[in-house]
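FYI, in UniProt numbering the residues of the sequence shown are 1 to 651.
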Amino acid sequence: MILLQGQSLARFFGPTVLFEDIQITIQDNERIALVGRNGAGKSTLLKILAGIEPPDVGSVAKKKEVTIGYLDQHSAVDSNKTIWEEMLTVFDPVITLMDEAEKAAMRLADPAVINDPEAMDSALKHYDTLQQKLLKQDAYGYESEIRSVLHGFKFYEEDLNRPISQLSGGQKTRLAMAKILLEKNDLLILDEPTNHLDIETLAWLENYLLGYRGTLLVVSHDRYFLDKIATGVYEISRHQIHHYKGNYSFYLQEKAIRLELEMKQYEKQQDEIAKLEDYVARNLVRASTTKMAQSRRKRLEKMDRLDRPKGDERSARFSFETKRESGNVVMTLEDAAIGYDGTVLSNPINLDLRKHQAVGVVGPNGIGKSTLLKSLINQLPLIEGKLKFGTNVDIGYYDQELSNLSRNKTVLAEVWDLHSTMNEKDIRSILGSFLFTGEDVEKTIASLSGGEKARVALCKLALEQNNLLLLDEPTNHLDIDSKEVLENALIEYDGTLLFISHDRYFINRIATTILELSADGGMIYIGDYDYYMEKKQEEEELARLLAEEAETQNASENTSKEPVLSTYHASKEKAKQERRIIRAIESLETELEEIEEKIAEIEQTLTLPEVFGDHEKVQTLNDDLLALQNRQEAIMSEWEDTHMALDALDE
1 MILLQGQSLA RFFGPTVLFE DIQITIQDNE RIALVGRNGA GKSTLLKILA GIEPPDVGSV
61 AKKKEVTIGY LDQHSAVDSN KTIWEEMLTV FDPVITLMDE AEKAAMRLAD PAVINDPEAM
121 DSALKHYDTL QQKLLKQDAY GYESEIRSVL HGFKFYEEDL NRPISQLSGG QKTRLAMAKI
181 LLEKNDLLIL DEPTNHLDIE TLAWLENYLL GYRGTLLVVS HDRYFLDKIA TGVYEISRHQ
241 IHHYKGNYSF YLQEKAIRLE LEMKQYEKQQ DEIAKLEDYV ARNLVRASTT KMAQSRRKRL
301 EKMDRLDRPK GDERSARFSF ETKRESGNVV MTLEDAAIGY DGTVLSNPIN LDLRKHQAVG
361 VVGPNGIGKS TLLKSLINQL PLIEGKLKFG TNVDIGYYDQ ELSNLSRNKT VLAEVWDLHS
421 TMNEKDIRSI LGSFLFTGED VEKTIASLSG GEKARVALCK LALEQNNLLL LDEPTNHLDI
481 DSKEVLENAL IEYDGTLLFI SHDRYFINRI ATTILELSAD GGMIYIGDYD YYMEKKQEEE
541 ELARLLAEEA ETQNASENTS KEPVLSTYHA SKEKAKQERR IIRAIESLET ELEEIEEKIA
601 EIEQTLTLPE VFGDHEKVQT LNDDLLALQN RQEAIMSEWE DTHMALDALD E
């Protein structure tokens with residue numbers, strides 16, 4: 001069932017086209033991701049579809065009874081109520097209905113009604129109708145639902161009576177998201193809902209949205225999030241829109257296939273045009289062929305000519321280089337306590353940072369991740385502990401607030417003032433690699449979008465050529481394409497990295513080590529983000545088994561934990577063996593495919609006339625074929641044995 005349709009939508013800013021001829025159809029229960037570069041018009045299109053802004057051209061049609069919830073990037077609850085009182089407003093109709101049902105129940109106990117069969121029958125019917133409405137709206141579970149959603153956004157029982165006026169900006173934003181989820185609209189439109197959420201809250205939101213009964217239309221730059229949530233993708237590019245059925249990874253594959261197919265179709269048509277034009281030019285003036293030439297010329301005139309596929313839009317291109325090498329020991333942090341105004345956020349933190357390491361810092365919001373970086377550059381003093389840098393360490397710092405940019409300067413002046421010995425042409429060339437070309441460099445910093453400001457800050461950082469980069473949420477404000485460019489630049493970087501990010505895909509590509517911060521201090525995990533999550537799951541499983549054992553045995557302080565640990569380690573060892581066997585099976589299957597391809601190639605070669613007449617060549621090919629077939633049999637036998645081992649492990 002179609003909930004909403006946008007037909008021939010367009011938005012112009014003076015003579016500039018933001019997008020045009022946009023066709024979008026949203027079906028019931030779809031999970032749609034809207035993607036595209038910063039500035040492509042994603043947020044504007046969402047506002048048009050939500051009915052907040054009118055289109056310049058086209059129309060939006062929706063079913064009358066469809067309710068739409070819209071949450072933009074800057075939504076926040078501004079109220080004088082407490083958190084609990086504000087959430088209750090969502091359920092005002094349900095609360096009114098419950099009051100009505102309570103009065104209907106009291107009426108059933110009224111002696112005047114009891115003694116009047118007709119009035120009693122009417123009162124029972126009315127009460128029954130109200131009860132059915134209450135059940136349909138899950139009226140008796142709304143309080144637990146409020147608590148569940150608030151808990152997901154890290155508002156706990158002790159927070160419920162806090163006045164909203166006392167909350168931080170980030171908390172008000174999370175509260176706005178909680179409120180719109182509780183409204184249960186038929187169509188939920190979310191513009192960058194993952195911004196500024198920590199990883200734990202992100203994971204909760206993903207799972208909640210997977211179970212959401214309505215339809216979702218989401219703009220996000222979080223690739224993990226889009227892969228998990230989306231069942232369809234609309235991409236805005238070069239003022240147009242394309243639709244793909246599948247998640248974000250599927251969209252990337254299908255987009256590449258589509259562009260390749262479009263290029264083949266274009267080249268095929270160009271070949272046909274060239275041949276027709278050549279024939280017309282050679283035969284039009286000859287009496288014997290002029291009619292055929294005229295016929296081909298008409299075909300050319302009627303032909304619907306394809307535009308050359310433009311492919312992806314231009315991407316930024318940059319790298320981070322170092323002007324000198326640091327020592328092997330870059331930094332040591334011993335028993336550090338971080339915080340401010342006497343408040344300790346995390347303690348103790350120990351970190352031994354070595355050259356070429358890439359350490360990703362994770363942890364819940366408010367635990368002190370940004371405070372840690374500011375303490376390392378001495379913006380905030382350590383409350384306790386020792387900090388020591390190695391030899392020849394040059395520190396570069398990226399601030400997520402972009403506070404080191406001068407609002408009143410132009411883009412050109414912001415960069416050139418720091419590198420006044422460089423000539424203007426070189427500065428403009430460098431800015432061009434960060435997508436600032438022509439008149440863009442004359443814009444003031446204050447007039448730039450968040451993504452543009454981030455690119456200016458990254459440009460300044462790249463020119464410093466430091467060998468230790470401290471990056472606080474460097475992917476904030478960047479679109480997916482710019483994130484990928486940044487990732488590739490950091491992967492090629494020859495220095496050392498310590499960075500904070502909530503982008504799980506980014507962390508997984510960059511980090512070689514994870515530093516997890518909590519109130520109890522720092523915990524090091526040597527590996528990427530996937531490894532970190534695997535270890536966390538193991539820790540949670542162990543904690544669960546220990547809790548179950550304690551509950552089952554009513555364990556005293558002296559109860560041995562060995563049975564639980566034994567079970568846990570056995571389970572862990574079995575999982576390891578399964579992974580090892582599965583990898584072996586996959587490797588064997590890959591080798592089998594390669595051998596089958598080689599056998600097919602040799603068999604095809606043996607059929608060629610120039611080969612089967614050459615006895616020496618045939619003999620060589622037959623020897624190769626026999627060796628491959630023997631190897632094929634050996635692998636098949638090994639594959640069967642490996643599968644039996646896997647089956648035995650499951651028994």
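Ideal Cβ placement from N, Cα and C applies to all residues, glycine included.
Being a predicted model, the structure only gives us computed values, none of them experimental.
Own chain, CB closer than 6 angstroms to residue i, minus 5 neighbours either side, in chain order
{"i": "R317", "result": "S433"}
{"i": "Q5", "result": "T25 and A61"}
{"i": "Y525", "result": "I514, Y532 and K535"}
{"i": "V361", "result": "K369, I500 and L515"}
{"i": "A293", "result": "V280, N283 and L284"}
{"i": "T16", "result": "none"}
Integer-rounded CB distance, given that residue j should sit under 8 angstroms from residue i
{"i": "I236", "j": "A40", "result": "4 angstroms"}
{"i": "I427", "j": "L412", "result": "7 angstroms"}
{"i": "L46", "j": "Q27", "result": "Between Q27 and L46 the Cβ distance is about 17 angstroms, and since that is not below 8 angstroms, they are no contact."}
{"i": "L71", "j": "L190", "result": "5 angstroms"}
{"i": "T410", "j": "K443", "result": "6 angstroms"}
{"i": "M98", "j": "L134", "result": "7 angstroms"}
{"i": "K396", "j": "T371", "result": "Here residue 396 turns out to be Gly, not Lys, going by the sequence shown. That pair is no contact at about 19 angstroms."}
{"i": "residue 669", "j": "Y208", "result": "This structure gives no information on residue 669, because the portion of the chain shown stretches from 1 to 651."}
DSSP three-state assignment for residue i, whether helix, strand or coil
{"i": "F434", "result": "coil"}
{"i": "E638", "result": "helix"}
{"i": "P163", "result": "strand"}
{"i": "L252", "result": "helix"}
{"i": "E325", "result": "coil"}
{"i": "M303", "result": "coil"}
{"i": "R31", "result": "strand"}
{"i": "E534", "result": "helix"}
{"i": "A40", "result": "coil"}
{"i": "H242", "result": "strand"}
{"i": "Q629", "result": "helix"}
{"i": "D440", "result": "helix"}
{"i": "P526", "result": "Inspection of the sequence shows that residue 526 is occupied by Ile rather than by Pro. It is coil, neither helix nor strand."}
{"i": "L608", "result": "coil"}
{"i": "M120", "result": "helix"}
{"i": "T552", "result": "helix"}
{"i": "G495", "result": "coil"}
{"i": "R11", "result": "strand"}
{"i": "H643", "result": "helix"}
Residues near residue i in its chain [Cβ-Cβ closer than 7 angstroms; skip 5 each side]
{"i": "T129", "result": "none"}
{"i": "N29", "result": "T215"}
{"i": "R297", "result": "V280"}
{"i": "A169", "result": "Here residue 169 is Gly; the residue named in the question, Ala, does not match the sequence. Cβ within range, chain order: A76."}
{"i": "E206", "result": "F225, K228 and I229"}
{"i": "residue 690", "result": "Outside the shown range of the chain (1 to 651) lies residue 690, about which nothing can therefore be said."}
Rounded straight-line distance, which links the Cα of residue j to that of residue i
{"i": "T559", "j": "E541", "result": "Summary for T559: the model assigns pLDDT 48, below 50, so the residue's position carries little reliability, and this model does not support an answer."}
{"i": "L405", "j": "L646", "result": "58 angstroms"}
{"i": "K64", "j": "F506", "result": "42 angstroms"}
{"i": "S346", "j": "L167", "result": "22 angstroms"}
{"i": "V303", "j": "E601", "result": "In the sequence as displayed, the identity of residue 303 is Met instead of Val. Near 41 angstroms, if we compare the C-alpha coordinates of E601 and M303."}
{"i": "L333", "j": "V94", "result": "55 angstroms"}
{"i": "L387", "j": "N350", "result": "10 angstroms"}
{"i": "residue 652", "j": "Q131", "result": "Because the chain in this structure spans residues 1 to 651, residue 652 falls outside the shown range and cannot be described."}
{"i": "G438", "j": "K425", "result": "12 angstroms"}
{"i": "N328", "j": "E548", "result": "46 angstroms"}
{"i": "G450", "j": "A274", "result": "47 angstroms"}
{"i": "V359", "j": "S482", "result": "21 angstroms"}
{"i": "N630", "j": "N508", "result": "41 angstroms"}
{"i": "D138", "j": "T512", "result": "48 angstroms"}
{"i": "I595", "j": "D641", "result": "19 angstroms"}
{"i": "E85", "j": "K136", "result": "23 angstroms"}
{"i": "Q577", "j": "A648", "result": "11 angstroms"}
Spatial neighbours of residue i in its chain, beta-carbon cut-off 8 angstroms, leaving aside the 5 residues before and after
{"i": "residue 672", "result": "As shown, the chain starts at 1 and ends at 651. That puts residue 672 outside it, with no answer to give."}
{"i": "E603", "result": "L625"}
{"i": "W639", "result": "I585, L588, E589 and L592"}
{"i": "D307", "result": "Y266"}
{"i": "D394", "result": "T322, K323, R324, S326, E464, Q465, N466, N467 and L468"}
{"i": "D56", "result": "A10, R11 and F12"}
{"i": "Q7", "result": "Q23, G58, S59, V60 and A61"}
Whole alpha helix (DSSP H) elements within the region 343–398, 4-residue minimum = Runs of the alpha helix (DSSP H) inside the region 343–398: 369–376.
Whole runs of the alpha helix (DSSP H) within the region 251–295, excluding any shorter than 4 residues | Listed in chain order, there is nothing to give.
Counting only runs of 4+ residues fully inside the region 41–104, write out the alpha helix (DSSP H) ranges in chain order.
-> For the region 41–104, whole alpha helix (DSSP H) runs of length 4 or above, ordered along the chain, are 42–49 and 83–88.
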